[in-house]
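Accompanying notes for the structure given below.
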């Protein structure tokens, strides 16, 4: 327990758990000997999955048979009791025994049980769901992705501060550049909430925290000119999902075109070899999961459908956020 | 003037006009001898661009020196007077001398001058900007794309009716399948306006007009299960622009990967040959422009930056809409 970072891990959520979770821990451990994993779940299943390479000094299993189901509503999940692996993991953070909590389980349940157990950061009104997106120059933080359908200007300003704090804790050597997602780059467009947020961010932003770059339109989200993108949860979710859908559509059309002729098959094979770089760059496992921020501990949601590599990447995000002192950055910036 | 379709063409808007516009007309004319083009703009420039192949029976030039600039605000554009090529073209439709109007000029000006001149269709409260999107099975109509930032449930129901009427006039042999863009596919998600629209569409939809398919999330927009996608102008614009931005991002990453090695160059060359099918399928000129619906004549906006092929495709949309009797379809369906 003298490790740098302690992560409370809900081992029972998502497809292929707990195996995926334990394999993810093993993979993460290879490059990070200073992390302690407190693993919540069914010990009978988990202990057989733990590889010999994982030092006993780096993990502990907290046994429970009870767990939240993927099909539970948030209310049903909360009613399952305080001995689910998810609840216990969150409670562990609440009790300051861990620095952060990760789960690949039910998103709605995770948000609700986190809100029930953890306090809001003072002066933040609503927590937000954020994620990493690729852009031409690196990665962006985008928030909110659906935790808050309706937002006022204060909420959006909070998101800007939390998003830039998150960006800085993940990428300490880069400058956070904040933009508001809107439908026009001129000051006159957008609804009243967005216009008012624009005015506030223009007044309050401090150069040492982030640069405010004004509005951004959907077609510029990935050009890398900004790296913290702020929207209400409805708009942010539509943008994220539409980007996913477009990427899937293009990839499937590309595959169709490549398979449509003999020449296509040959060139497809060559491209396959070479496109590894392309694929690696856009591997969704790199951008796996979401970070729920605004509570006094960060809560990390790994995609339920990702594999152990994706889960391992999310553990790296946990580690960076804790080492980057995210919560204190937010507290300092919000005041 | 005994032609099937008369199109009022603003020849002076967009990049490379009037040449692009006239070349677009020539291209469209090759496959459509029954269209009459009434061309508004600077006769001195236009007449030298008209090819000999274009029969005198198929066009007429209405001379004016005045035109709306790309940088005009809508108010400035309207103040330029009633003798701009855009105003005159719209007025020609108002006077029932043409069936529809097309411009590659200033979008805001086109919307405002159209609203000043043309009546709303009875029982439609707000006109909407719609466009065509590719999907895995064909094309979808998406609306609103930015004409109305704030919408109530009545507006969204109107958009569903107008969008499905547009779809049916473009693709008479297909079934219009309407969905509401939302952030969850379950009935409980979304804001109050969307939930109320859902209830109304569920009650009023008539099988002969369209099938109502419920909610759709951004990641399913292009899977082809639905073909009429309804959103308020803010959400629709964010989705459209984000899809564009994602497509550009992926294409540029793909090019980078293909150029990064000798093997890549060879495979890139092979792919280039074969990817024509892919490119043709996703050629933005196929989806060029937007259709402003809700006024008692359709108003077609071609992208300012498209080339003559794109403009020609928009002329085909004009022709299909008129032959498909769009306005009467809407009137019949709205009542």
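Protein chains in written order, with the working numbering: chain A, -7 to 327; chain B, -7 to 327. We put the beta carbon where it would ideally sit given N, CA and C, even for glycine.
Quick test of your reading: residue i and residue j, contact by CB under 8 Å. State the CB separation rounded to the nearest angstrom.
i	j	result
residue 103 (chain B)	residue 284 (chain B)	6 Å
residue 35 (chain A)	residue 14 (chain A)	Contact doesn't hold; Cβ gap of about 12 Å is too wide.
residue 115 (chain A)	residue 224 (chain A)	About 19 Å; that fails the 8 Å criterion.
residue 0 (chain B)	residue 85 (chain B)	5 Å
residue 64 (chain B)	residue 98 (chain B)	6 Å
residue 334 (chain B)	residue 159 (chain B)	Lying outside -7 to 327, the shown extent of chain B, residue 334 (chain B) is not represented and no answer is given.
residue 66 (chain A)	residue 101 (chain A)	5 Å
residue 277 (chain A)	residue 240 (chain A)	Not quite, the Cβ-Cβ distance comes to about 15 Å (not below 8 Å), so this is no contact.
residue -4 (chain B)	residue 315 (chain B)	7 Å
residue 234 (chain A)	residue 282 (chain B)	Actually they are not in contact, since the Cβ atoms of residue 234 (chain A) and residue 282 (chain B) sit about 18 Å apart, beyond 8 Å.
residue 58 (chain A)	residue 45 (chain A)	Actually they are not in contact, since the Cβ atoms of residue 58 (chain A) and residue 45 (chain A) sit about 30 Å apart, beyond 8 Å.
If we ignore side chains and look at the alpha-carbon of each, how far apart do residue i and residue j end up?
i	j	result
residue 229 (chain A)	residue 112 (chain B)	33 Å
residue 296 (chain A)	residue 106 (chain B)	50 Å
residue 135 (chain B)	residue 309 (chain A)	38 Å
residue 318 (chain B)	residue 51 (chain B)	24 Å
residue 41 (chain B)	residue 231 (chain A)	43 Å
residue 24 (chain B)	residue 312 (chain B)	11 Å
residue 179 (chain B)	residue 189 (chain B)	A caution first: residue 179 (chain B) carries a pLDDT of 48, below 50, which makes its placement in the model too unreliable to give a value.
residue 299 (chain B)	residue 29 (chain B)	18 Å
residue 21 (chain A)	residue 27 (chain A)	7 Å
residue 294 (chain B)	residue 16 (chain A)	51 Å
residue 186 (chain A)	residue 208 (chain A)	12 Å
residue 205 (chain B)	residue -2 (chain A)	47 Å
residue 201 (chain B)	residue 170 (chain B)	10 Å
residue 195 (chain B)	residue 69 (chain B)	42 Å
residue 326 (chain A)	residue 153 (chain A)	7 Å
residue 279 (chain B)	residue 191 (chain B)	31 Å
residue 33 (chain A)	residue 122 (chain A)	26 Å
residue 193 (chain B)	residue 213 (chain B)	19 Å
residue 96 (chain A)	residue 242 (chain A)	28 Å
residue 181 (chain A)	residue 166 (chain A)	30 Å
residue 161 (chain B)	residue 118 (chain B)	20 Å
residue 138 (chain B)	residue 175 (chain A)	7 Å
residue 3 (chain A)	residue 9 (chain A)	6 Å
Taking the alpha helix (DSSP H) that residue i falls in, what are its first and last residues?
i	result
residue 36 (chain A)	35 to 39
residue 56 (chain B)	Where residue 56 (chain B) is concerned, there is no enclosing alpha helix (DSSP H), given that its DSSP letter is neither H nor E.
residue 66 (chain A)	66 to 71
residue 77 (chain A)	77 to 86
residue 287 (chain A)	Run containing residue 287 (chain A): none; DSSP gives neither H nor E here.
residue 158 (chain B)	145 to 162
residue 15 (chain A)	11 to 22
So the beta strand (DSSP E) residue i belongs to, where does it begin and stop?
i	result
residue 311 (chain B)	It is not in any beta strand (DSSP E) - residue 311 (chain B) instead sits in the alpha helix (DSSP H) that spans 300 to 315.
residue 188 (chain B)	Careful: residue 188 (chain B) lies outside any beta strand (DSSP E), inside the alpha helix (DSSP H) at 184 to 196.
residue 222 (chain A)	220 to 222
residue 131 (chain B)	130 to 135
residue 122 (chain B)	120 to 127
residue 203 (chain B)	203 to 208
residue 2 (chain A)	-3 to 2
residue 292 (chain B)	291 to 293
residue 105 (chain B)	Here residue 105 (chain B) belongs to no beta strand (DSSP E); instead the alpha helix (DSSP H) covers 99 to 109.
residue 93 (chain A)	92 to 95
residue 321 (chain A)	Note, residue 321 (chain A): premise wrong, no beta strand (DSSP E); alpha helix (DSSP H) at 318 to 326.
residue 169 (chain A)	169 to 173
Legend entry - Cβ-based contacts, 7 Å cut-off: residues of the segment 207 to 225 of chain A near chain B: 209, 210, 211, 212, 213, 214
Inset, instruction - Would you be able to state if there are at least three C-beta pairs under 8 Å between the segment 126 to 135 of chain B and the segment 79 to 92 of chain B? - result: no
Inset, instruction - Please name the residues in the segment 121 to 137 of chain B whose beta-carbon is closer than 7 Å to at least one beta-carbon of chain A, in chain order. - result: Within the segment 121 to 137 of chain B, contact with chain A at the beta-carbon level (separation under 7 Å) is assigned to 128.
Legend entry - Contact set between the segment 227 to 242 of chain A and chain B, restricted to residues whose Cβ is under 8 Å from the partner: 227, 229, 230, 231, 232, 233, 234, 235, 236, 237, 238, 239, 240, 241, 242
Inset, instruction - Closer than 8 Å, Cβ to Cβ, to anything on chain B: give me those residues from the segment 94 to 113 of chain A, in chain order. - result: Result list empty, no residue passes.
Legend entry - Residues of the segment 153 to 176 of chain A whose Cβ lies closer than 9 Å to any Cβ of chain B, in chain order: Shown in chain order are the members of the segment 153 to 176 of chain A whose Cβ falls below 9 Å from a Cβ of chain B: 173, 174, 175, 176.
Inset, instruction - Compile a chain-ordered list of the residues in the segment -4 to 15 of chain A whose CB is closer than 7 Å to at least one CB of chain B. - result: Here the close residues number zero.
Inset, instruction - Quick one: which residues of the segment 33 to 63 of chain B get their C-beta closer than 8 Å to a C-beta of chain A? List them in chain order. - result: none
Inset, instruction - Can you give me, in chain order, the residues of the segment 68 to 79 of chain A that have a beta carbon less than 8 Å from any beta carbon in chain B? - result: none
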